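K.L.:
Once you've had a glance at the structure underneath, I'll fire off some questions.
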Amino acid sequence: MNRRQTIISAVQSAAAFLLAFAFFNFLYPYHVHYQEQMQLFRFGADYFRESVAVPGGLGGWIGGFLVQFFYHAPVGALILGILLVLIQLLTWKNIENGSFATYPLSFLPAVAMFLFLCDENALVTAAIAIIASLTLAFILMKIRRTGIRSIITIMLMPVMYLLFGSISILVPVIVAIRSFMREEDKKNILIFSIAAVVMATAIPLIARAYSPYPLERLAFGVHYHRYHNAIPLLAWISVLMVPSAMLLATAFRKDRMVAASLALAILPAACLTPVFADMEKERLFGYDFMTRMGQWNKILATSDKDSPDSPIAVECTNLALAKTAHMSSDMFSFFQNGPAGLIPEFTRDHFSPVPTGTVYYHLGMINTAQTFFFEAQEGIPDFQKSARLTQALAKTNLINGDYEVARKYVGALKQTLFYREWAKETERLINNPELIEKVPEYAYLRSVRIKDHDFMFSQEEMDSMLGLMYVENEANVMAMDYLLAWCLLRKDLPRFFECHKLLKKGYDARHYQEAVVLYWALTHDGPEGMPGFITRNVASEFTRFISSFQSGRDEASMQKEFGDTYWFYYYYRFK
Amino acid sequence: MMKRVLYILLGILMFSSCYRFDPSEARYTDGPIWPDYMDVTVPVGIAPLNFCYTADCGPVPVTTFSHGDMSISIKGREVVWKEKEWKRLLEAAKGEDITVRSSVLPDTWTIHVSEDEIDYGINYRLLAPGYEVYSKMGIYERNLSNYKEKALIENTQFDGCVNCHAYNRGNPDNYSLHIRGSHGATLLNIDGEMAAYNTKTDSTLGFCVYPYWHPGGDYIAYSSNNTRQGFHVLADKLIEVFDLDSDMLVYDIRNNCLISSESIKKKDVWETFPAFSADGKTLYFCAASPKPIPAEVDQIRYNLCSVDFDPATGTIGSRIDTLVFAEGTGKSVSFPKPSYDGKFLVYTLSDYGNFSIWHHEADLWIMDLETGESRPMDKINSHDTESYHSWSSNSRWMMFSSRRDDGLYTRLFFTHIDENGQESKPFMLPQKHPLHYYSYQNRSYNVPEFVTGPVDLDRTDAEKMINCEERIQFGFRMSE
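As you go down the protein sequences, you meet chains R and G in turn. All residue numbers for the first sequence refer to the numbering used here, where the first residue is 1 and numbers rise by one. All residue numbers for the second sequence refer to the numbering used here, where the first residue is 1 and numbers rise by one.
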């Protein structure tokens with residue numbers, strides 16, 4: 001390539017890096033955060049030993065090391081951009097006699113890897129394994145003597161497998177193709193290829209005797225995807241793209257073919273990104289992140305802009321409404337579809353119990369929150385712990401007075417980069433429990449939790465539990481908000497009316513008035529005796545609603561006019 | 001430039017993989033050393049009892065261990081033995097005391113080296129002390145003469161959880177291992193031959209759990225439990241695990257048949273935790289009267305009962321004897337374990353229910369089987385939970401699980417039981433760097449059992465058996 005072509009090629013790489021960075025930083029930041037909270041990377045000998053004890057363990061350890069920086073999404077995006085460009089550059093370095101027109105082909109593995117990384121459960125270890133393999137292959141090809149190179153490559157295969165997993169099969173593949181393209185001795189290449197195939201088959205079989213994993217996982221990678229029974233297809237397509245790019249390069253020698261090769265690289269990225277990027281999940285992760293950070297107004301602004309409809313998004317929105325004291329007045333301004341959007345039932349996975357646990361935490365149901373956080377952590381499919389959830393568990397144990405358990409979690413967090421300061425501060429509280437009461441969050445939660453009446457948690461008796469929390473401590477306004485919301489969402493108006501009587505202030509909030517008027521209309525013949533806090537405005541709006549409803553107006557026009565009222569929910573939602 | 005990057009990466013690697021002793025990692029005790037190995041009794045073959053001083057300031061301690069002419073001094077806040085020196089000292093002090101003197105403590109203490117041998121090793125399940133969802137778990141084997149631990153089977157190999165496991169008096173060739181989940185099965189290894197069984201029959205409540213081998217090797221007692229769990233809201237209680245129903249059964253290995261009888265299959269009695277007596281002619285078990293759940297979960301109390309068993313015919317007796325009427329004292333019995341010499345029976349006593357591991361008040365009691373008298377094992381009980389326990393094959397050592405350190409993560413302790421049933425002060429399962437190890441061990445020790453030799457469990461074969469659908473079906477018959 002001439003100087004101009006070299007600059008253009010460099011610009012292509014820089015542009016690719018910027019695009020990847022921009023994508024992960026601006027369009028996909030919550031996926032980046034999600035990755036970070038699915039691990040607890042610790043600096044320490046035992047963690048290192050545990051990590052490297054399985055095939056591909058060093059790759060997993062390096063992956064964990066990098067992913068801890070995803071705590072800050074821009075840094076995570078930067079790292080992902082660098083990894084992808086490294087894959088591209090190293091692929092380019094491994095293309096024999098590369099030309100200006102073949103340069104875009106070197107993007108193919110990186111494009112596949114980019115699409116793979118759009119999956120929230122894809123692990124960066126796969127990218128690291130490809131980078132390590134491309135680097136080693138590049139170094140090996142510096143050895144001029146075919147025989148020595150072949151022997152070293154074969155000898156390094158089990159080592160690479162142990163360090164980076166099965167993707168390292170790429171090393172002999174690249175060496176074989178490049179040797180062939182260099183027109184080296186064909187007999188040598190054939191013997192080398194046969195030996196490599198034998199080794200590639202034997203290594204996972206041998207590993208099976210020493211590693212407690214099924215054969216298919218040892219063959220397709222232990223550390224490449226969070227779900228152990230999922231074959232990381234796109235990661236393997238990325239691997240496949242390396243020899244494909246090397247072979248295709250022979251067809252793209254002439255400079256004028258650059259447009260075609262560029263199209264070959266750009267088109268899959270442009271067409272497939274919308275397919276593989278799951279923006280619905282990005283929204284969900286966004287709600288979860290904002291809930292974690294207590295960004296209540298941001299949640300409401302997000303929900304206002306784009307009405308949430310999934311249970312988790314609705315759940316987070318409702319929590320934000322309660323935390324900003326707007327639940328009783330604005331709850332039905334947002335989409336609601338039953339009590340599952342207020343406090344969903346426990347599900348056995350590693351994500352959905354987290355926001356629900358957060359709701360319980362803010363309600364002061366510390367044991368329940370602890371259960372949800374613990375179970376979510378245990379549910380992480382690749383058996384990792386979560387720094388975020390370990391922190392949450394340290395908090396619940398601290399509030400419960402289980403200081404030695406809290407100390408254990410804090411001890412683990414002290415070995416991390418981004419939770420270390422928090423852990424040290426919390427350790428100070430553990431050593432001086434009297435200071436805990438001086439931390440408003442902990443003092444408040446200790447004050448509002450149940451202290452006198454023990455009972456077993458039961459989703460079916462949510463109203464009784466919330467009621468008891470309020471009765472034990474009337475400062476727990478959120479418990480009452482949730483209790484009344486629970487009754488309203490279940491359309492249990494008699495129970496609502498009964499509980500509403502317990503309120504000493506805030507009883508005239510808009511949705512409460514709407515529910516009382518409705519209940520009155522359903523159970524009485526006229527307005528006589530209706531509670532005095534019902535405003536004239538609400539009463540007349542209700543009259544308008546009922547006459548519109550009885551006149552048979554369609555749902556859309558009713559929603560346009562009354563969509564933010566409890567009456568609309570009562571008659572049109574959660575049927 | 002590349003070199004610099006390489007050096008930085010190597011630096012990070014070195015930094016992250018070095019072990020450094022940090023006394024502030026945990027503070028489980030107000031005592032001067034942890035684990036508390038002062039005045040304990042140990043078997044001659046035990047791994048070195050490394051420990052650390054809990055004070056992280058002041059002069060660096062020098063700890064001197066002496067017996068007769070032998071004297072070994074170790075300097076440092078963490079006392080880490082060379083294995084050969086430790087073994088030499090223990091051999092020399094067999095049946096006598098080792099005196100320990102510390103340069104920073106006013107009093108000396110002793111380590112008594114018992115002449116009674118302990119078994120080769122132990123097996124246990126390691127799992128997070130969770131509720132419904134399980135992360136990585138498995139059955140592990142630990143050699144007691146060193147720190148080596150190996151995984152026998154882990155749930156990385158299949159979807160499910162490894163559960164109850166039991167050996168016949170520690171015999172590693174005969175074991176029962178239950179797998180729960182979509183690939184549920186019971187792996188039975190009988191004299192080296194392993195097979196997967198479906199233990200659930202039309203006539204029983206569910207799968208067979210809590211196995212206990214008959215000393216003759218022809219029977220295994222199980223119970224079949226319909227178990228649920230609930231979560232408390234008060235700070236000092238977390239979880240309650242309880243049965244909605246349970247029955248006891250005896251599995252006839254030679255005839256592949258579960259045996260029940262009218263006496264142990266009563267609708268108005270929940271039977272669980274069966275255990276054969278040393279002579280194999282009595283079955284001990286826990287029994288409770290059903291109560292409404294969850295309203296009266298704290299009223300369920302299990303008594304210790306027994307029933308005759310005839311190993312020649314596989315006949316279960318018709319008369320139930322109550323050995324400990326715990327209900328009468330407002331307590332509840334779980335995990336009855338008779339010693340193999342037939343002299344004693346140790347059980348767990350808690351306020352109610354049978355899942356004592358979640359009861360902070362749970363303690364171990366010992367019963368003299370000759371007199372029928374029970375007493376609390378004060379030397380080994382603590383302010384927190386003591387629960388599961390098992391006997392060494394010679395009945396001179398007992399291992400038990402305890403949550404005395406942090407109230408949640410169960411750890412293992414050993415006590416010597418003399419011929420009069422007197423326990424010694426217990427010592428914790430030794431680790432090379434105990435404070436560091438236990439601080440970062442995020443799994444609990446569960447169902448610890450002694451083994452007299454290494455268990456030969458072929459992980460790959462077991463995985464194949466678990467993952468395939470084929471199961472040998474248990475039969476069922478009523479006792480005559």
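Every residue gets a Cβ at the ideal spot worked out from N, C-alpha and C, and that includes glycine. Treat the numbers as computed from the prediction; the structure is a model and nothing was measured.
State the Cα-Cα distance for the pair residue 113(R) and residue 235(R), rounded to the nearest angstrom.
P.N.:
If you number the first sequence from 1, residue 113(R) lands on position 113. If you number the first sequence from 1, residue 235(R) lands on position 235. C-alpha separation (whole angstroms): 6 Å.
K.L.:
Just checking my contact of residue 124(R) with residue 90(R) at CB under 8 Å: how many whole Å lie between their CB atoms?
P.N.:
For the purposes of this step, residue 124(R) is taken as the residue at position 124 of the first sequence. For the purposes of this step, residue 90(R) is taken as the residue at position 90 of the first sequence. 16 Å between Cβ atoms; not a contact.
K.L.:
Run down chain G in chain order and give the residues with a C-beta less than 9 Å from the C-beta of residue 138(R).
P.N.:
Along the first sequence, one-based indexing puts residue 138(R) at 138. Per Cβ cutoff of 9 Å: no residues; residue 138(R) is ~13 Å from chain G at best.
K.L.:
Measuring straight from C-alpha to C-alpha, what distance separates residue 75(R) and residue 46(R)?
P.N.:
Position 75 of the first sequence, counting from 1, holds the residue named residue 75(R). Position 46 of the first sequence, counting from 1, holds the residue named residue 46(R). So the two alpha carbons sit approximately 27 Å from each other.
K.L.:
Going by Cα to Cα distance, which pick from 368(R), 353(R), 312(R) and 325(R) is closest to residue 342(R)?
P.N.:
Your numbering for residue 342(R) matches position 342 in the first sequence. Of the candidates 368(R), 353(R), 312(R) and 325(R), the one whose C-alpha sits nearest the C-alpha of residue 342(R) is 312(R).
K.L.:
Exposed or buried, what is residue 533(R) when buried is set at 16 or more other beta-carbons lying within 10 Å of its beta-carbon?
P.N.:
Against the first sequence, residue 533(R) aligns to sequence position 533. Result: exposed.
K.L.:
Roughly how many angstroms separate the alpha carbons of residue 151(R) and residue 149(G), rounded to a whole number?
P.N.:
As a first step, residue 151(R) is located in the first sequence; it is residue number 151 there, counting from the start. As a first step, residue 149(G) is located in the second sequence; it is residue number 149 there, counting from the start. The straight-line gap from Cα to Cα measures roughly 36 Å.
K.L.:
Which residues in the same chain as residue 393(R) place their Cβ atom closer than 7 Å to its Cβ, once the five residues preceding and following it in sequence are excluded?
P.N.:
Reading the first sequence from its first residue, position 393 is the one you call residue 393(R). Counting only Cβ-Cβ distances below 7 Å, and skipping sequence neighbours, we find 370, 373, 374 and 409.
K.L.:
Please name the residue or residues paired with residue 100(G) in a DSSP beta bridge.
P.N.:
Indexing the second sequence from 1 puts residue 100(G) at position 100. 65(G) and 109(G).
K.L.:
Taking 8 Å as the cut-off, decide whether the C-beta atoms of residue 488(G) and residue 449(G) are in contact.
P.N.:
Residue 488(G) falls outside the range modelled here, since chain G spans only 1 to 480, and no answer is possible.
K.L.:
CA-CA distance, residue 597(R) and residue 571(R)?
P.N.:
This structure cannot speak to residue 597(R), because chain R is shown only from 1 to 575.
K.L.:
Could you name the residues of chain R that residue 101(G) contacts, counting a contact when the two beta carbons are closer than 8 Å?
P.N.:
Here the question's residue 101(G) lines up with position 101 in the second sequence. None at all; the shortest Cβ gap to chain R is about 30 Å.
K.L.:
Cβ of residue 167(R) within 8 Å of Cβ of residue 133(R)?
P.N.:
Along the first sequence, one-based indexing puts residue 167(R) at 167. Along the first sequence, one-based indexing puts residue 133(R) at 133. Yes, the Cβ-Cβ distance between residue 167(R) and residue 133(R) is below 8 Å.
K.L.:
Relative to the alpha-carbon of residue 337(R), which residue among 50(R), 36(R) and 486(R) has its alpha-carbon at the smallest distance?
P.N.:
On the first sequence, position 337 is the one that residue 337(R) refers to. For residue 337(R), the nearest C-alpha among the options comes from 486(R).
K.L.:
Within 8 Å of any Cβ in chain G, is that where the Cβ of residue 29(R) sits?
P.N.:
Numbered from its first residue, the first sequence carries residue 29(R) at position 29. Chain G, which has no Cβ nearer than 8 Å to the Cβ of residue 29(R), makes this no.
K.L.:
Give the residues of chain R in contact with residue 442(G), contact being defined as C-beta atoms less than 7 Å apart.
P.N.:
Numbered from 1 along the second sequence, position 442 holds the residue referred to as residue 442(G). Those within 7 Å of residue 442(G) in chain R are 385.
K.L.:
Would you report the Cα separation of residue 181(G) and residue 164(G), rounded to the nearest angstrom?
P.N.:
Taking the first residue of the second sequence as 1, we reach residue 181(G) at position 181. Taking the first residue of the second sequence as 1, we reach residue 164(G) at position 164. Cα to Cα, the separation comes out at about 13 Å.
K.L.:
Just to confirm, are residue 359(G) and residue 367(R) a CB contact at a threshold of 8 Å?
P.N.:
The residue labelled residue 359(G) in the question sits at position 359 within the second sequence. The residue labelled residue 367(R) in the question sits at position 367 within the first sequence. Contact flag unset, no.
K.L.:
Could you give the first and the last residue of the continuous alpha helix (DSSP H) run that contains residue 513(R)?
P.N.:
By 1-based counting over the first sequence, the position of residue 513(R) is 513. Run containing residue 513(R): 510-523, per the alpha helix (DSSP H) assignment.
K.L.:
Kindly indicate which three-state DSSP category residue 363(G) falls into: helix, strand or coil?
P.N.:
Taking the second sequence and counting its residues from 1, one reaches residue 363(G) at position 363. If DSSP states are grouped into helix, strand and coil, residue 363(G) belongs with the strands.
K.L.:
Decide if residue 6(R) is buried, meaning its Cβ has at least 16 other Cβ atoms within 10 Å, or exposed.
P.N.:
Against the first sequence, residue 6(R) aligns to sequence position 6. By the 10 Å Cβ count, residue 6(R) comes out exposed.
K.L.:
Could you check whether residue 501(R) and residue 472(R) sit closer than 8 Å to each other, using their CB atoms as the reference points?
P.N.:
Looking up residue 472(R) in the first sequence gives position 472. Looking up residue 501(R) in the first sequence gives position 501. Not closer than 8 Å, so no.
K.L.:
Within this structure, are the beta carbons of residue 264(G) and residue 247(G) separated by less than 8 Å?
P.N.:
For the purposes of this step, residue 264(G) is taken as the residue at position 264 of the second sequence. For the purposes of this step, residue 247(G) is taken as the residue at position 247 of the second sequence. It is a contact, given that the beta carbons lie within the stated cut-off.
K.L.:
Among the residues of its own chain, which have a CB less than 8 Å from the CB of residue 435(R), if the five just before and after it don't count?
P.N.:
The count along the first sequence starts at 1 and reaches residue 435(R) at position 435. Cβ within range, chain order: 428 and 429.
K.L.:
Checking 8 Å against the spacing of the C-beta atoms, do residue 212(R) and residue 220(R) come in under that value?
P.N.:
Within the first sequence, the letter at position 212 stands for residue 212(R). Within the first sequence, the letter at position 220 stands for residue 220(R). It is not a contact, given that the beta carbons lie outside the stated cut-off.
K.L.:
I'd like to know if the stretch 450-469 of chain G and the stretch 113-127 of chain G are in contact, where contact means that at least 3 CB-CB pairs between them fall below 8 Å.
P.N.:
These segments touch.
K.L.:
Would you please verify whether the beta carbon of residue 413(G) is less than 8 Å from any beta carbon of chain R?
P.N.:
Start at 1 with the first residue of the second sequence, and residue 413(G) comes out as number 413. With 8 Å as the cut-off, residue 413(G) does not count as an interface residue toward chain R.
K.L.:
Nearest CA to the CA of residue 251(G): which residue from 313(G), 85(G) and 402(G)?
P.N.:
Position 251 of the second sequence, counted from the first residue, corresponds to residue 251(G). Nearest C-alpha to residue 251(G): 313(G).
K.L.:
Quick one: does residue 221(G) have its CB under 8 Å from some CB of chain R?
P.N.:
For the purposes of this step, residue 221(G) is identified with residue 221 of the second sequence, where counting begins at 1. For residue 221(G), the answer is no, since every Cβ of chain R falls outside 8 Å of its Cβ.
K.L.:
Kindly list, in the order they appear in chain R, the residues whose Cβ is closer than 9 Å to that of residue 266(G).
P.N.:
Here residue 266(G) corresponds to residue number 266 of the second sequence, with the count starting at 1. Within 9 Å Cβ-Cβ: nothing; residue 266(G) doesn't reach chain R, min ~27 Å.
K.L.:
How far does the alpha helix (DSSP H) with residue 603(R) in it extend, from its first residue to its last?
P.N.:
No statement about residue 603(R) is possible, as the shown extent of chain R runs from 1 to 575 and does not include it.
K.L.:
Indicate whether at least one CB of chain G lies closer than 8 Å to the CB of residue 404(R).
P.N.:
For the purposes of this step, residue 404(R) is taken as the residue at position 404 of the first sequence. For residue 404(R), the answer is yes, since a Cβ of chain G falls inside 8 Å of its Cβ.
K.L.:
Note down, in chain order, all residues in the stretch 230-256 of chain G with a beta-carbon under 9 Å from any beta-carbon belonging to chain R.
P.N.:
Per Cβ criterion, the list reads 230, 231, 232, 233, 234, 235, 236, 237, 238, 239 and 240.
K.L.:
Run the CB neighbour count on residue 43(G), radius 10 Å, all protein chains shown included, and call it buried at 16 or more, exposed below.
P.N.:
Mapped onto the second sequence, residue 43(G) falls at position 43. Buried, because 16 or more other Cβ atoms sit within 10 Å of the Cβ of residue 43(G).
K.L.:
Any C-beta of chain G within less than 7 Å: which residues of the stretch 405-421 of chain R qualify?
P.N.:
Result list: 405, 407, 408, 411 and 412.
K.L.:
Would you list the one or two residues that DSSP bridges to residue 189(G)?
P.N.:
On the second sequence, position 189 is the one that residue 189(G) refers to. Partner(s): 175(G) and 194(G).
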